[in-house]
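Undergrad:
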Amino acid sequence: MKSWAKWIILFSLFIMAIINFADKSILGLANIHITKDLNLTSTEFGIVGSSFFWLFSIFGIVGGSLSDRIGTGKSLAIMAIVWTIAQSMALFASSLPILILSRVLLGAGEGAFMATAISHLSKWFKPESRGFAISIISFGNVVGIAVSAPILVSLISNYGWRQAFFISGICSFLWFICWLWLGSMKPTVSFEEVGTMENKNEINRRDVWKALRSPIFIFTTLIAFIAYSFIVFGLTFNPSYLIKVKGLSEQRSASVIAISGLIGAILAILLSIISDRLYKKTQSLWKSRILFSAISVLLAGFLYSLYPLLNGSGSIIIVLSLVNTLVITVNTLAPAIVVSILPQRRGVMTGTYFGIMTSSGIITPIIFGKLIQNSGTNVASGYSIAIFGMSIAMVIAALLIFLFGSRNQQVSTEKDNKLVNL
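Per the working numbering, the sequence shown starts with residue 225, numbered consecutively.
1. Could you check which residue in S473, S517, S508 has the C-alpha nearest to that of G536?
2. Which parts of the stretch 271-305 are runs of the alpha helix (DSSP H), unbroken and 4 residues or longer, counting only runs that do not cross its ends?
3. Use the C-beta contact count for P321: other C-beta atoms within 10 angstroms, 16 or more gives buried, fewer gives exposed.
4. Does the stretch 609-624 come close enough to the stretch 446-465 to have 3 or more Cβ pairs within less than 8 angstroms?
5. Could you give the residue range of the alpha helix (DSSP H) that holds S250?
6. Could you compute how far the alpha carbon of R570 sits from the alpha carbon of T296?
7. For a test of the three-state rule: what should DSSP assign to V469, helix, strand or coil?
8. Which same chain residues end up closer than 6 angstroms to T460 when comparing Cβ atoms and leaving out the 5 residues on each side of it in sequence?
9. In this structure, how does DSSP classify S414 when only helix, strand and coil are distinguished?
10. Give a yes or no on whether the C-beta atoms belonging to N255 and P559 are separated by under 7 angstroms.
11. Please report the residue range of the alpha helix (DSSP H) in which W510 lies.
12. Go ahead and label S319 buried or exposed: buried means 16 or more other beta carbons lie within 10 angstroms of its beta carbon, across all protein chains shown.
13. Spell out a yes or no on whether the stretch 484-494 and the stretch 350-370 are touching, meaning 3 or more CB-CB pairs, one atom from each, closer than 8 angstroms.
14. Buried or exposed for N548, please, with buried defined as at least 16 other CB atoms from any protein chain shown within 10 angstroms of its CB.
15. Between I498, F526, A524, which lies nearest to R513 when the distance is taken from Cα to Cα?
16. In or out: I380 buried (at least 16 other Cβ within 10 Å) or exposed?
17. Reducing DSSP to helix, strand and coil, say where S517 ends up.
18. Measuring CA to CA, which of F235, A518, D500, S608 is closest to S360?
19. Beta carbon of A518, beta carbon of I442: below 7 angstroms?
20. Run through DSSP, which three-state label would A478 get?
21. By the three-class DSSP mapping on this structure, what secondary structure does W405 have?
22. Please name the residue in S326, F269, A332 whose C-alpha comes closest to that of L300.
23. Taking L595 as the reference, give the member of T265, I242, A246 with the closest Cα.
24. Would you mind stating whether S484 and L530 have Cβ atoms separated by less than 7 angstroms?
25. If you drop the 5 nearest sequence neighbours on each side, which residues of the same chain put their C-beta closer than 7 angstroms to that of L647?
26. Taking the C-alpha atoms as reference points, what is the distance between T556 and Q507?
27. So A337 packs on N244, CB below 8 angstroms; how close in whole Å?
28. Quick check on the DSSP output: what are the complete alpha helix (DSSP H) runs of length 4 or more inside the stretch 353-408, in order along the chain?
29. At a threshold of 6 angstroms, does L557 count as lining the ligand SAM (C-beta to nearest heavy atom)?
30. Check S464 in the structure and name its three-state DSSP category.
31. Verify whether the separation of the beta carbon atoms of Y383 and Y607 is less than 7 angstroms.
32. Sort V572, P411, L323, V286 by Cα distance to K347 and report the nearest one.
33. Just the C-alpha distance for K424 and W231, rounded to the nearest angstrom, thanks.
34. Please classify W348: does DSSP put it in a helix, a strand, or coil?
35. Which residue wins for smallest C-alpha separation from L533, given the options I580, V562, L522, S605?
36. Within the continuous alpha helix (DSSP H) that includes G647, where are the two ends?
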């Protein structure tokens, strides 16, 4: 296969990532309209936000393992169809149960996306360039919010939230049509990849379990789990926070989310390139990936604690841009670390990682909703408690990496499992 083919594959997965996150973010953007139309409380809306993750984590693990068996290309095609059906169901969402059902189905369909996409890219990109490739997918996630937010807000305001959901489903179907051709493309397999494929059958359950219990996997997944609560808050409650507490209009809040997301994604790509070059120079997974992730989530925690104290869209954009940069960097490097632990079982490792990480979305929306509802007339205090709680958790997770995820443990684990570094 010609060298340009991998860039076409990367671009197509980048587009799918945009659709993926647009599907996620539309609920938060339609928060005020949905709660008014269906007469929902903040707690009930939190349950709707949580319902997306009820099967998301489980299918993240199952789907990752399934992609190892049926192929990543077929798995991605199936996901696109499920997204189409789930989003189209919103047209008939006249009550809370139907809306929840559509979100549960969407969550099941999106659960294994990142794991499968990363596994698919790993077949096309060499280890030293995977950090950049994964960062492009993460960039697509942010662009999904940045590009779609103003468009979706306009559609929601002018045509209704149900029609906006349906249009996003149509986008998934159009991607599926294109993937019928693109998904059939196969990479030229390198000698290193051939070795990995030949050794795949030698990997048994004991090896997988050992990899999942390794300090690298445990603490990498932990910081990603905590950082993901920031994403969940952004998907469910940040749009309403900017409107109700910060006093921004719907269009202005969408612009703040879009601008801070784009800036964060661009800066995160630069950090990923630096990480790739550092690895190429040092051949150290610890220095180039793990420390990068730990420092990123630590700084994100400190910066995010400033969010409730800010007034004015300018300062909010600056802080959210920096936090987005750091969180996206974690989401980019953490999967690269996980893939390196047991490269022969990329699907299982990334699927389990994403399944655990995204389980944060099951609990946190309900907690956020309860905090906001219990704050009564002082809505700002409920949001502030949620934000400060996330900030503290990020700092603690980073400190645990520094304390227990030592370099010596990491090197020992690599040798024991015959790891292939990124």
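By construction, the Cβ of each residue, glycine as well, lies at the ideal position given by its N, Cα and C atoms. Given the structure is predicted, the values throughout are model-derived calculations rather than measurements.
TA: Once the coordinates are examined:
1. Counting from 1 along the sequence shown, the entry for residue 536 is found at position 312. Here the closest residue by C-alpha is S473.
2. Complete alpha helix (DSSP H) runs here, min 4: 280-294.
3. Locating residue 321 in the sequence shown gives position 97, counting from the first residue. Exposed: under 16 other Cβ atoms inside 10 Å.
4. yes
5. In the sequence shown, residue 250 corresponds to position 26, counting from 1. Ser is not the amino acid found at residue 250; the sequence shown has Ile there. Note, I250: alpha helix (DSSP H), 229-253.
6. In the sequence shown, residue 570 corresponds to position 346, counting from 1. In the sequence shown, residue 296 corresponds to position 72, counting from 1. Whole-angstrom Cα-Cα distance: 11 angstroms.
7. Your numbering for residue 469 matches position 245 in the sequence shown. Three-state DSSP puts V469 in coil, outside helix and strand.
8. Start at 1 with the first residue of the sequence shown, and residue 460 comes out as number 236. Hits under 6 angstroms: G252, G273, P589.
9. Within the sequence shown, residue 414 is the residue found at index 190, counting from 1. In this predicted model, S414 has a pLDDT of only 44, less than 50, meaning its place in the structure is not dependable; the value taken from the coordinates is given anyway. It is coil, neither helix nor strand.
10. Translated into positions along the sequence shown, residue 255 becomes position 31. Translated into positions along the sequence shown, residue 559 becomes position 335. Result no, Cβ atoms of N255 and P559 do not sit closer than 7 angstroms.
11. Your numbering for residue 510 matches position 286 in the sequence shown. Counting along the chain, W510 falls outside any alpha helix (DSSP H), and DSSP gives it neither H nor E.
12. Start at 1 with the first residue of the sequence shown, and residue 319 comes out as number 95. The residue in question, S319, is exposed, as its Cβ has fewer than 16 Cβ neighbours within 10 Å.
13. Yes, the stretch 484-494 is in contact with the stretch 350-370.
14. Here the question's residue 548 lines up with position 324 in the sequence shown. Burial call: buried.
15. Here the question's residue 513 lines up with position 289 in the sequence shown. It is I498.
16. Within the sequence shown, residue 380 is the residue found at index 156, counting from 1. Label assigned to I380: buried.
17. Residue mapping note: residue 517 aligns to position 293 of the sequence shown, counting from 1. If DSSP states are grouped into helix, strand and coil, S517 belongs with the helices.
18. Translated into positions along the sequence shown, residue 360 becomes position 136. One detail in the question is off: residue 360 reads as Ile in this sequence, not Ser. Comparing Cα-Cα distances from I360 to each of F235, A518, D500, S608, the minimum goes to F235.
19. Position 294 of the sequence shown, counting from 1, holds the residue named residue 518. Position 218 of the sequence shown, counting from 1, holds the residue named residue 442. Contact annotation: A518 and I442 have beta-carbon atoms that are not nearer than 7 angstroms.
20. Taking the first residue of the sequence shown as 1, we reach residue 478 at position 254. Note: A478 maps to helix in three-state DSSP.
21. To locate residue 405, count along the sequence shown from 1; it is residue 181. The answer is helix: DSSP assigns W405 an H, G or I state.
22. As a first step, residue 300 must be located in the sequence shown, where it is residue number 76. That would be A332, whose Cα lies nearest to the Cα of L300.
23. Sequence index remark: in the sequence shown, residue 595 carries index 371 (1-based). Among T265, I242, A246, the Cα nearest to that of L595 belongs to T265.
24. Here residue 484 refers to the residue found at position 260 of the sequence shown. Here residue 530 refers to the residue found at position 306 of the sequence shown. No; because the gap between Cβ atoms is not below 7 angstroms, this pair is not in contact.
25. Nothing about residue 647 can be reported from this structure: the residues present for the chain run from 225 to 646 only.
26. For the purposes of this step, residue 556 is taken as the residue at position 332 of the sequence shown. For the purposes of this step, residue 507 is taken as the residue at position 283 of the sequence shown. In a straight line, the C-alpha of T556 is about 18 angstroms away from that of Q507.
27. Residue mapping note: residue 337 aligns to position 113 of the sequence shown, counting from 1. Residue mapping note: residue 244 aligns to position 20 of the sequence shown, counting from 1. In the sequence as presented, Ala is not what sits at residue 337; that position holds Phe. About 5 angstroms separates the two Cβ atoms, so the contact holds.
28. 354-383, 385-406
29. Within the structure as shown, the ligand SAM is missing, as the structure has no ligands at all.
30. One-based indexing of the sequence shown puts residue 464 at position 240. It is helical.
31. Numbered from 1 along the sequence shown, position 159 holds the residue referred to as residue 383. Numbered from 1 along the sequence shown, position 383 holds the residue referred to as residue 607. No; because the gap between Cβ atoms is not below 7 angstroms, this pair is not in contact.
32. Your numbering for residue 347 matches position 123 in the sequence shown. The residue with the shortest Cα to Cα distance from K347 is P411.
33. Mapped onto the sequence shown, residue 424 falls at position 200. Mapped onto the sequence shown, residue 231 falls at position 7. Because the pLDDT of K424 is 49, which lies under 50, any placement of that residue in the model is unreliable, and the question is left without a value.
34. Looking up residue 348 in the sequence shown gives position 124. In this structure, W348 counts as coil in the three-state DSSP scheme.
35. Indexing the sequence shown from 1 puts residue 533 at position 309. Of the listed residues, the one whose Cα sits closest to L533 is S605.
36. Outside the displayed range of the chain (225 to 646) lies residue 647, so it cannot be described from this structure.
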